[in-house]
Amino acid sequence: MTTFAPDSLALNRKLPLWYQVSQSLRASILGRSPEAPLRLPTEDALAAHYGVSVLTMRQALKELETEGLISRHRRRGTFIEPSAQRGAPVRLLGSVDAIVAQQSGMRTELLEHGPTPVPSELAEFFPDLAEVAGFRRLRSDEKTGEPTNHACNYVHPEVAAAIDLADLLRWPMTKVLRDAAGVRISRITDTVEARLADPETARLLEVPLLSPILHYTGVSYDEDGRAVDVARIHYRGDRFSFTVTLDA
Numbered sequence: 011m012t013t014f015a016p017d018s019l020a021l022n023r024k025l026p027l028w029y030q031v032s033q034s035l036r037a038s039i040l041g042r043s044p045e046a047p048l049r050l051p052t053e054d055a056l057a058a059h060y061g062v063s064v065l066t067m068r069q070a071l072k073e074l075e076t077e078g079l080i081s082r083h084r085r086r087g088t089f090i091e092p093s094a095q096r097g098a099p100v101r102l103l104g105s106v107d108a109i110v111a112q113q114s115g116m117r118t119e120l121l122e123h124g125p126t127p128v129p130s131e132l133a134e135f136f137p138d139l140a141e142v143a144g145f146r147r148l149r150s151d152e153k154t155g156e157p158t159n160h161a162c163n164y165v166h167p168e169v170a171a172a173i174d175l176a177d178l179l180r181w182p183m184t185k186v187l188r189d190a191a192g193v194r195i196s197r198i199t200d201t202v203e204a205r206l207a208d209p210e211t212a213r214l215l216e217v218p219l220l221s222p223i224l225h226y227t228g229v230s231y232d233e234d235g236r237a238v239d240v241a242r243i244h245y246r247g248d249r250f251s252f253t254v255t256l257d258a
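Mind the numbering: the sequence shown is residues 11 to 258 in the numbering used here, read in order.
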């Protein structure tokens, strides 16, 4: 039987090892994809994966069992509880101009671009596509150079063909699509969640592993109701605020 593959962890010797391992495994469990297997590797395998003793690993697993994220069965192994999911995030609707303003005013580095498979969790937005155009960027404060957010955009191929890469260094994707590529965006649906920084996000944003971050997902639709862009952005928790104005 295939077992769940947790994220790797760079240990900090100033914090209790069992706590770091339990929090890293907790983040992996809550952030798993829908098709991920529920069975965890053995205690020995997990201990080797994290570079800790079996006793430390056992203590970390006990913490997650107490929390109700996993269940342990004699001779069968340890399994993720199917109900262990993040709570439903708050969904917010805002104007296109508000989203453009939110994303502007930062120095941008284009890390990667090109065709990429549609992530399984985003398949609902691109039902007839196996591949989209991917763009990965790192934004930093113009004055201090401090990283502020890491953005991944998944763009419909028909729309992506009109994107000039130079524009992505100057403007947010929403502005590029609307003003440069000529896409008539009808609405954007925002989702904002609190998460813990995984190793890759922590490295890019220069924050401690498992520190709080805000995970933003923005889905842009054209006038035909077609999703043309899905943006997933990780913001440093100490550099981001989200303001919503509701008209009475």
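Glycine included, C-beta positions come from ideal geometry on N, C-alpha and C.
Everything numeric in this text was worked out from a predicted model, so none of it was measured.
Residues 36 of the same chain have their beta carbon placed closer than 8 Å to that of residue 77, with the five preceding and five following residues left out of the count. Under the criterion of beta carbons closer than 8 Å, residue 58 and residue 32 do not qualify as touching, at roughly 17 Å. A straight line joining the alpha-carbon of residue 60 with that of residue 124 spans about 33 Å. Per DSSP, the continuous alpha helix (DSSP H) segment holding residue 54 begins and ends at 53 to 60.
A check of alpha carbon separations from residue 151 across 38, 34, 116 identifies 116 as the nearest. Three or more Cβ pairs drawn from the stretch 158 to 176 and the stretch 140 to 150 lie within less than 8 Å of each other, which places the two stretches in contact.
For the stretch 18 to 96, the full-length beta strand (DSSP E) segments reaching 3 residues or more read 80 to 83, 87 to 90 along the chain. Counting only residues of its own chain and dropping the five nearest sequence neighbours on each side, residue 230 has a CB closer than 6 Å to the CB of 195, 198, 238, 239. One thing to note: residue 54 has its Cβ no nearer than 8 Å to the Cβ of residue 38. Taking 8 Å as the cut-off, the beta carbon of residue 14 is found no closer than this to the beta carbon of residue 65.
Per the DSSP secondary-structure output, residue 182 pairs with nothing in a beta bridge.
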